[in-house]
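J.:
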Amino acid sequence: MRKPPGPKNRYPLEILFKVQRDPLSFFEQNSALYPDYFSWTAGPQRVWALTRPDLTQKILTGHPTHFEKGRALQRSRVLLGNGLLTAEGEEHLQHRRALQPAFRKDRIPRYAEVMMEETSSLLHLWQGSDGVEVDLHQEMMDLALAIVARTLLGQSLSPALRNDIGVALERALGGFRISILPFFDLLRKLPLKVVRDFESSRDQLHNIVRKLVQQADPQSPDSILSLLPDATHQQKLDHALTLLLAGHETTANAMTFAVYLLGRHPSALAQVENEIDCVLQGRTPTSGDYPELKFLRNVLEETLRLFPPAWMVGRKNLVPLEIDGYQVKPGSILLAPQWLMHRDSRYFPSPHSFRPERWEAQTPEKGAYFPFGGGTRVCIGEGFARMEAVLILAALLQKYRPTLPCPDELEVYAGITLRPKDGLRVKLTPRTLPKRSPRYNSNSPGEDLKYGAHTGCPIGAGRLSGS
Ligand code: HEM
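Count along the sequence shown from 1, then add 111; that gives the number in my numbering.
(1) Under 6 Å: does the beta carbon of F178 sit that close to some heavy atom of the ligand HEM?
(2) To the nearest angstrom, how far is it from the Cα of L356 to the Cα of R163?
(3) To the nearest angstrom, how far is the alpha carbon of V52 from that of G181?
(4) Taking Cβ to Cβ, would you say H614 is nearer than 7 Å to T367?
(5) Do L352 and G192 have their C-beta atoms within less than 7 Å of each other?
(6) With a floor of 3 residues, list each beta strand (DSSP E) that falls wholly inside the stretch 394-473, ordered by position along the chain.
(7) Tell me whether V370, by its Cβ, gets closer than 6 Å to a heavy atom of the ligand HEM.
(8) Going by the C-beta, is G173 closer than 6 Å to any heavy atom of the ligand HEM?
(9) Could you tell me which residues DSSP pairs with A160 in its beta bridges?
(10) Smallest Cα separation from A365: which of R299, C389 and M498?
(11) List the endpoints of the continuous beta strand (DSSP E) containing R89.
(12) Thinking just about the alpha-carbon of each residue, which of P541, T543, L502 and T514 is nearest to the one in M227?
(13) In chain order, what are the residue ranges of uninterrupted beta strand (DSSP E) at least 3 long that sit wholly in the stretch 259-322?
(14) Report buried or exposed for D333, applying the criterion of at least 16 other Cβ atoms within 10 angstroms of its Cβ.
(15) Write down the C-beta distance between N409 and W470 rounded to the nearest angstrom, noting that I regard them as a contact closer than 8 Å.
(16) Ends of the beta strand (DSSP E) at D246?
(17) For M112 and A327, what's the separation of their Cα atoms in angstroms?
(18) Just the Cα atoms here: how many angstroms apart are S331 and P441?
(19) Using the C-alpha atoms, what's the distance from S378 back to G194?
(20) Report all residues from its chain with a CB closer than 8 Å to the CB of E413; omit the five preceding and five following residues, and keep chain order.
(21) From the DSSP output, in three-state form, read off K114 for me.
(22) What is the residue span of the alpha helix (DSSP H) that E179 lies within?
(23) Give me the Cα-Cα distance between P116 and V390, rounded to the nearest whole angstrom.
(24) Is W422 near A525, with beta carbons less than 7 Å apart?
(25) Do E386 and F406 have their beta-carbon atoms positioned less than 7 Å apart in this structure?
(26) For L539, list the residues DSSP reports as bridge partners.
Structural data, given as structure tokens:
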């Protein structure tokens, strides 16, 4: 059988350790040598990294019975149980149908209100004459956790509880890389500190979420538990854990990366501020503003391209496949790395430049851009996450101008998600909002037009007149 192109192990498991140590460099170096796909062995298993759109499409949208999740997500069952993210086959379909109503479009405006209530409380805490310096990543993680707990579990988390969840999660995720090693089951039996730490933080997290589920009102329409009347306690726990974890870190990372990119691109930041002032006129954003915040939405898109919080999707094939004449045996691991595809000059001109305006003209080729995955396993929270990120960024940048005290390039860490390696220090200086014309309040379309013209509002006066 012809051997596929790709790196070779010079000693057993060499590549596995390389991937563990620095996955992004490993992928970048090999895709420079093998632009469409490359393959290697990890113990008994063959792994393929696919970096051509028709191939990534194949695994994202291929028949669901031909693929299941890759090793990382399967192993994440030790942390997440058997919820929507990790379930397979018929069970996945049942979970998806049960939870779908919580993500219907008509639920999002209500969620947007909660998102803004939680954001206002945070912005209020930052009030001070000269501004504040914060670890924005930590703040966004706390905020997104509070939002997902209130919207999907109907629970307000105290700051202490948020902190406990954050700490336990951080420790559990810190140990996550070892849990995806092929011989993790063996490691678990050994008295290793790293394994014990992982397991104790996981147990702590499970205990907290178990309490949240017990306290939740099962009838409350604000809780996904009301959608699962026949679920066992364990199933409820698995769903709650999955949504809490899948639904907060990814969005928090995206918002942090967006502020980082805007901090490095003052003209884009000025354009965002102008749009926010023009659309919001000083009021708190609502879900109705989302379509109008076009440039900010492009900023989010460009952020998800350059720093995709889900940086790689993995699958295992259950049937034999063929890639350009190479045979792919069942049980192989197939990886579609957003990190590489989104930065490939064949699909994105000047791929390393931050250019939000590219999204005005560009609709990327299918399979070249997939921050939320695709096919039957596409992110169920995509609409939720987009609304959340845009409204929170709008509320934040309306009130504060971010500057980066440390001008160096951001170091990222590619674990279960892509995140800033050491958080992100940001100085937030209160903005002076442009004066609101008292005549604007009179609801007179004529005067609104003047205000729009005065600020150079790119969307004209239509929205300002409340239409
Ligand atoms: C910017 C934010 C987010 C990004 C980039 C993101 C990305 C993704 C990706 C790539 C997948 C597919 C994984 C795969 O195919 O293996 C996924 C699945 C999923 N996401 Fe998200 N996600 C985000 C926000 C959210 C939010 C806010 C929630 C819930 C509130 C959520 C819940 C889920 C769940 C439950 C799945 C599994 C869906 C299934 O298998 O049917 N995500 N996400």
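Note that CB positions come from ideal geometry on N, CA and C, so glycine has one too.
T.: Taking the structure as given:
(1) Here residue 178 corresponds to residue number 67 of the sequence shown, with the count starting at 1. It does not: the Cβ of F178 is nowhere closer than 6 Å to a heavy atom of the ligand HEM.
(2) For the purposes of this step, residue 356 is identified with residue 245 of the sequence shown, where counting begins at 1. For the purposes of this step, residue 163 is identified with residue 52 of the sequence shown, where counting begins at 1. Rounded to whole angstroms, L356 to R163 spans 30 Å at the Cα level.
(3) With the chain represented from 112 up to 578, any question about residue 52 goes unanswered, as that position is not in the structure.
(4) Lying before the first or after the last residue shown, residue 614 is absent from the chain, which here runs from 112 to 578.
(5) Along the sequence shown, one-based indexing puts residue 352 at 241. Along the sequence shown, one-based indexing puts residue 192 at 81. Result yes, Cβ atoms of L352 and G192 sit closer than 7 Å.
(6) 424-428, 432-434, 437-439 and 444-447
(7) Within the sequence shown, residue 370 is the residue found at index 259, counting from 1. Not one heavy atom of the ligand HEM is found less than 6 Å from the C-beta of V370.
(8) Numbered from 1 along the sequence shown, position 62 holds the residue referred to as residue 173. Checking every heavy atom of the ligand HEM against the Cβ of G173, none is found closer than 6 Å.
(9) Numbered from 1 along the sequence shown, position 49 holds the residue referred to as residue 160. Partner(s): F149 and L446.
(10) Along the sequence shown, one-based indexing puts residue 365 at 254. With distances taken between Cα atoms, A365 lies closest to M498.
(11) It is not possible to answer for residue 89, since the shown part of the chain is limited to 112 through 578.
(12) On the sequence shown, residue 227 is found 116 positions in, with the first residue counted as 1. If we check each option's Cα against that of M227, L502 comes out closest.
(13) none
(14) In the sequence shown, counting from the first residue as 1, residue 333 sits at position 222. Answer is buried; the Cβ neighbour count reaches 16.
(15) Within the sequence shown, numbered from 1, the residue matching residue 409 stands at position 298. Within the sequence shown, numbered from 1, the residue matching residue 470 stands at position 359. With 8 Å as the limit, N409 and W470 qualify as a contact, their Cβ atoms being about 4 Å apart.
(16) As a position in the sequence shown, residue 246 is number 135, starting the count at 1. Run containing D246: V243 to D246, per the beta strand (DSSP E) assignment.
(17) Taking the first residue of the sequence shown as 1, we reach residue 112 at position 1. Taking the first residue of the sequence shown as 1, we reach residue 327 at position 216. For M112 and A327, the distance between alpha carbons rounds to 57 Å.
(18) For this step, residue 331 is matched to residue 220 along the sequence shown. For this step, residue 441 is matched to residue 330 along the sequence shown. Distance between the alpha carbons of S331 and P441: 44 Å.
(19) Residue mapping note: residue 194 aligns to position 83 of the sequence shown, counting from 1. Residue mapping note: residue 378 aligns to position 267 of the sequence shown, counting from 1. Inter-residue distance for G194 and S378 is about 43 Å (C-alpha atoms, whole angstroms).
(20) Here the question's residue 413 lines up with position 302 in the sequence shown. Excluding positions up to five away in sequence, the list reads L372, F465, R466, P467, R469 and W470.
(21) Taking the first residue of the sequence shown as 1, we reach residue 114 at position 3. Looking at K114 - three-state DSSP - the assignment turns out to be coil, as it is neither helix nor strand.
(22) In the sequence shown, residue 179 corresponds to position 68, counting from 1. Here E179 belongs to no alpha helix (DSSP H); instead the beta strand (DSSP E) covers F178 to K180.
(23) By 1-based counting over the sequence shown, the position of residue 116 is 5. By 1-based counting over the sequence shown, the position of residue 390 is 279. Their backbone Cα atoms lie some 52 Å apart in a straight line.
(24) The residue you call residue 422 lines up with position 311 of the sequence shown. The residue you call residue 525 lines up with position 414 of the sequence shown. Yes, the pair counts as a contact, with Cβ atoms nearer than the cut-off.
(25) In the sequence shown, counting from the first residue as 1, residue 406 sits at position 295. In the sequence shown, counting from the first residue as 1, residue 386 sits at position 275. A Cβ-Cβ contact shorter than 7 Å links F406 with E386.
(26) Residue mapping note: residue 539 aligns to position 428 of the sequence shown, counting from 1. DSSP, once it has assigned bridges, lists V243 and P513 as partnering L539.
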